[in-house]
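Residue numbers (the working numbering), protein chains in the order written: chain A, 2 to 424; chain B, 2 to 459.
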């Protein structure tokens, strides 16, 4: 093979960790649907090792195999030999993009649209004009980026905001009491909050400034890069990392209310570094990142009993869905539950499979929507057993998928971000 | 190489989506849980009914194509590696629990049901399937039956063969037979059910199994006992049993394993201990209390330096997690690991452990001992590196001597992993040639064309 396999060599040690016990099969949502070895971590890992040995090439089928992973990390969490299969899969995708490119559509979406905030906004706006088309669109809007196209396949999607968050907030937001700020915090909005749920962002800023914290919202912040670098476009991923690191100077913490964004920003150091300088910069940046749930509980140490439940949720029963990017990427499990349980007037009911992936997996659901629906059906079954009125989570990505599947399954539950519950 | 026209036949039987031939798929079915046995099949088939399997076997038999049945592929003997190519018969999609009969305490399952899934379903009915191979998260019932698998709970509950009442089997020529039945007692002619249990997929394909179940124990307790001499731990095992207490598990960890576990996940295991025994008692609460007291008393009397009873389930879970992490600890520490599976009569455990320690010194190797002390089944594991010739040769010699030593002590070379490919050379060495001939005669009778998992066992 002519290639130096640079990206793949970085994960060779991880791949060698696997002892082929096959326990991952029990935890893999994709294997549980397909029951075929290439679907599961052990199979993917073996094939990646074959590439490293020069016995296998990046064929289209190989691309299909490494593409069919939600990166939910359930296998990693339960692996007896602690194989970081997420690194293996992402590393293999990166190597493949390097060698074979990523195709015109992804190239365009990742490099021309998503990595340029203004262009992204324009495209989303354009898409919003066509929202009426979506429920029966079935892929006939080919001039739109493919991720938006896929959203049209009979999917129930939330409406795109009339005015994006970016155009609604100031760059600097002083504490509301007018006193010297206790902390200076950068707010990272993330695409979904910016374009679909701007009210979440306003809520975060209000919550923090009410409690003596100065919140800066740099206009130069970019997409976190999850969809991009998890797909293997490390070049664009590194550009976004640099944009974001440069945008958030001179803050004590960087907070976001999107579980995927917080984990993605923390983990530049895990996947992206190409040299020591980057490694250091990513580590320093990662240390400042906090998901909103952990920031409120662990850093601000807010007295949770003082939190007030919004009137509309009075008397309702809530169940919690653990986003993969919170529970397994960041070990955030208790903090959101502590908040939910502290809210007086709200009942809490744990679902049996709270930590199971909802099936979204970012662009996974674009390419494997049918699998997404099957995996989500199991989540829905868990939700049903709780008789909850609302499903609460803290990742807009999960929310989009949960909303879609609650509707598909004709369930009465409403889906909310944890932020929405707090007065 | 398999004929193109056969692929088309299989696609007709199973549908295109259940026939895999891409080189990536074939690679993904070239291995099992062992380190070094790898061979690709020519095609991977996913049947979901007895009729489909019968049709496939008819074709394979007529064309003399090797067929290797495969469940979860978690076995550690090379058993599900298609060493002569041909067909991998992947049974993972043939995975329904057909019936749970609460009154008669039996279950009827298809071969692809994963043990953990079965036990989760049984738990809802207050039942469980006692044999507990530690690969329960991936192992399927078909594979468990073919390998006659066992695990820690063997002390009290025995192994798979004690829980198989009847089987539906597709023979190599495509005929479907039923052996055994649904009753606890059954002496109607030869016990052919037991012919297939432990046959390592060399005699036919199990397509349905009637399982005997036990009621779920109402209470459990875990006891950890610490010893400054591994031989004392060995003695403790039979002291407990001799006093009339039968715990469901008695597991042993040696000093090396204890220390690796403490590095991986500190949980307060005593690092200077020579050995630790983990006991679990189960049954009705009063009996469990009494048995626990008794074990503590006996352990103290016969030389345990420390005995702890897990306060709650969380503490118990931690100990058992440590036990399960033992193997990962071993495999993570060396590029090549020989995980032995020798089994001796229970009373000879201290002798076997001493033998291992002596061999470790003699060959300057690390030999780790952990395993099911309660049933005499130990897994001495030799850490080595296949790329380091001198080291590897010493490891091979040590392994030979461990096996010879176990046989001299009245034991066998495999307690629960099976022969497969991994232990063939030892099998030929220690088994009486007349016994091997008899086995070959049975094989020739059932599978005259030698298409079922060829190349295994002898």
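Positions of the beta carbon are idealized from the N, C-alpha and C atoms, including for glycine. Note that this is a predicted model, so its numbers are computed, not measured.
Top-ranked residue by Cα proximity to residue i, from the options
{"i": "residue 325/A", "options": "18/A, 28/A, 20/A", "result": "28/A"}
{"i": "residue 281/B", "options": "316/B, 264/B, 259/B", "result": "316/B"}
{"i": "residue 374/A", "options": "276/A, 38/A, 71/A, 244/A", "result": "71/A"}
{"i": "residue 357/A", "options": "299/A, 382/A, 174/A, 173/A", "result": "382/A"}
{"i": "residue 130/B", "options": "332/B, 151/B, 243/B", "result": "151/B"}
{"i": "residue 34/B", "options": "24/A, 37/A, 34/A", "result": "24/A"}
{"i": "residue 8/A", "options": "122/A, 274/A, 330/A, 181/A", "result": "274/A"}
{"i": "residue 320/A", "options": "414/A, 184/A, 228/A, 58/A", "result": "414/A"}
{"i": "residue 388/A", "options": "409/A, 401/A, 345/A, 317/A", "result": "317/A"}
{"i": "residue 89/A", "options": "20/A, 40/A, 10/A, 78/A", "result": "10/A"}
Endpoints, the alpha helix (DSSP H) within which residue i is located
{"i": "residue 95/A", "result": "86-101"}
{"i": "residue 254/A", "result": "No alpha helix (DSSP H) holds residue 254/A; the beta strand (DSSP E) holding it covers 254-257."}
{"i": "residue 378/A", "result": "370-387"}
{"i": "residue 277/A", "result": "277-289"}
{"i": "residue 354/A", "result": "From DSSP, residue 354/A is part of no alpha helix (DSSP H); its letter is neither H nor E."}
{"i": "residue 120/B", "result": "116-124"}
{"i": "residue 185/A", "result": "Segment 184-188 is the beta strand (DSSP E) holding residue 185/A; no alpha helix (DSSP H) there."}
{"i": "residue 78/A", "result": "75-78"}
{"i": "residue 447/B", "result": "434-447"}
{"i": "residue 329/B", "result": "314-333"}
{"i": "residue 195/A", "result": "192-196"}
{"i": "residue 149/B", "result": "Per DSSP, residue 149/B belongs to no alpha helix (DSSP H) and is neither H nor E."}
{"i": "residue 214/A", "result": "Taken as a continuous stretch (DSSP letters only), residue 214/A belongs to no alpha helix (DSSP H), being part of the beta strand (DSSP E) at 214-217."}
Interface residues of chain A facing residue i [CB-CB closer than 7 Å]
{"i": "residue 121/B", "result": "By Cβ distance, chain A contributes nothing, its closest Cβ being about 10 Å from residue 121/B, past 7 Å."}
{"i": "residue 93/B", "result": "36"}
{"i": "residue 26/B", "result": "39"}
{"i": "residue 32/B", "result": "21, 47"}
Contact set between residue i and chain B, taken where Cβ atoms lie within less than 8 Å
{"i": "residue 352/A", "result": "Under the 8 Å cutoff, chain B gives no residues; its nearest Cβ is about 16 Å from residue 352/A."}
{"i": "residue 82/A", "result": "329, 332, 333"}
Contact set between residue i and chain B, taken where Cβ atoms lie within less than 7 Å
{"i": "residue 44/A", "result": "29"}
{"i": "residue 66/A", "result": "25"}
{"i": "residue 63/A", "result": "25"}
Residues that residue i contacts on chain A, provided the C-beta gap is smaller than 9 Å
{"i": "residue 115/B", "result": "26, 27"}
{"i": "residue 74/B", "result": "21, 23, 26, 38, 43"}
{"i": "residue 393/B", "result": "Simply none; closest approach about 18 Å."}
{"i": "residue 159/B", "result": "The premise fails here: residue 159/B is roughly 24 Å from chain A at the closest Cβ pair, so nothing lies under 9 Å."}
Residue i - containing beta strand (DSSP E), residue span
{"i": "residue 108/B", "result": "107-110"}
{"i": "residue 430/B", "result": "Note, residue 430/B: premise wrong, no beta strand (DSSP E); alpha helix (DSSP H) at 425-431."}
{"i": "residue 309/B", "result": "307-310"}
{"i": "residue 421/A", "result": "Premise fails: residue 421/A lies in the alpha helix (DSSP H), 419-422, not in any beta strand (DSSP E)."}
{"i": "residue 385/B", "result": "378-385"}
{"i": "residue 260/A", "result": "That residue, residue 260/A, is in no beta strand (DSSP E); its alpha helix (DSSP H) goes 260-267."}
{"i": "residue 167/B", "result": "165-171"}
{"i": "residue 210/A", "result": "Here residue 210/A belongs to no beta strand (DSSP E); instead the alpha helix (DSSP H) covers 199-211."}
{"i": "residue 181/B", "result": "177-181"}
Residues that residue i contacts on chain B, provided the C-beta gap is smaller than 9 Å
{"i": "residue 57/A", "result": "24, 25, 28"}
{"i": "residue 60/A", "result": "23, 24, 25"}
{"i": "residue 51/A", "result": "25, 28"}
Residue i: contacting residues in chain A (beta-carbon distance under 8 Å)
{"i": "residue 136/B", "result": "22, 23, 24"}
{"i": "residue 325/B", "result": "81"}
Problem set entry | beta strand (DSSP E) runs wholly inside the region 209-294 of chain B, at least 3 long, in chain order | Along the length of the region 209-294 of chain B, whole beta strand (DSSP E) runs at least 3 residues long occupy 220-228, 250-255, 276-284, reported in chain order.
Exercise. Pairing CB atoms from the region 269-280 of chain A with CB atoms from the region 252-259 of chain A, are three or more of them under 8 Å?
Worked result: As far as the Cβ criterion goes, the region 269-280 of chain A does not touch the region 252-259 of chain A, which means the pair count is below three.
For this session: Could you say if the region 390-408 of chain A and the region 105-113 of chain A meet the contact criterion of at least three C-beta pairs nearer than 8 Å?
Result: The region 390-408 of chain A makes no contact with the region 105-113 of chain A: fewer than 3 CB pairs, one atom from each, lie closer than 8 Å.
For this session: Note down, one range per segment and in chain order, each alpha helix (DSSP H) of at least 4 residues found wholly within the region 300-339 of chain A.
Result: If only uninterrupted alpha helix (DSSP H) runs of at least 4 residues are considered, those enclosed by the region 300-339 of chain A are 325-328.
Exercise. If we count Cβ pairs, one from each stretch, closer than 8 Å, do we get three or more for the region 4-13 of chain B versus the region 51-60 of chain A?
Worked result: Output reads no: the region 51-60 of chain A does not touch the region 4-13 of chain B.
For this session: Examine the Cβ distances between the region 157-165 of chain B and the region 102-120 of chain B and report whether three or more of them are shorter than 8 Å.
Result: By the criterion of at least three beta-carbon pairs nearer than 8 Å, the region 157-165 of chain B is not in contact with the region 102-120 of chain B.
Problem set entry | Uninterrupted alpha helix (DSSP H) stretches inside the region 2-74 of chain B (no shorter than 4 residues) | 5-15, 24-29, 51-64, all fully within the region 2-74 of chain B.
Problem set entry | Cβ contact (3+ pairs, closer than 8 Å) linking the region 288-297 of chain A and the region 329-340 of chain A | Yes: the two stretches touch, three or more of their Cβ pairs being nearer than 8 Å.
Exercise. Touch check for the region 342-355 of chain B and the region 400-418 of chain B: three-plus C-beta pairs under 8 Å?
Worked result: Contact holds between the region 342-355 of chain B and the region 400-418 of chain B, because three or more Cβ pairs, one in each stretch, are under 8 Å apart.
For this session: Decide yes or no for the touch test of the region 93-101 of chain B against the region 176-193 of chain B: beta carbon pairs closer than 8 Å, at least 3 of them.
Result: With the cut-off at 8 Å, the region 93-101 of chain B and the region 176-193 of chain B do not touch.
Exercise. With a cut-off of 8 Å, do at least 3 Cβ pairs link the region 210-222 of chain B to the region 232-245 of chain B?
Worked result: A contact between stretches requires three or more CB pairs, one per stretch, nearer than 8 Å, and the region 210-222 of chain B fails this requirement with the region 232-245 of chain B.
Problem set entry | Stretch-stretch touch, CB-based, cutoff 8 Å, three pairs: the region 374-394 of chain B with the region 328-339 of chain B | Remark: three or more beta-carbon pairs, one from each stretch, lie closer than 8 Å, so the region 374-394 of chain B and the region 328-339 of chain B are flagged as touching.
For this session: Flag this pair as touching only if the region 195-204 of chain A and the region 165-181 of chain A have three or more C-beta atom pairs under 8 Å; answer yes or no.
Result: Three or more Cβ pairs drawn from the region 195-204 of chain A and the region 165-181 of chain A lie within less than 8 Å of each other, which places the two stretches in contact.
Exercise. Are the region 166-181 of chain B and the region 193-209 of chain B in contact at 8 Å, needing three or more beta carbon pairs?
Worked result: Touching, per the Cβ criterion.
Exercise. Per the contact definition of three or more C-beta pairs closer than 8 Å, is the region 200-212 of chain A in contact with the region 56-68 of chain A?
Worked result: No, because fewer than three Cβ pairs between the region 56-68 of chain A and the region 200-212 of chain A fall closer than 8 Å, the two stretches do not touch.
Exercise. Does the region 84-101 of chain A come within contact of the region 228-248 of chain A, defined as at least 3 CB pairs closer than 8 Å?
Worked result: Yes: the two stretches touch, three or more of their Cβ pairs being nearer than 8 Å.
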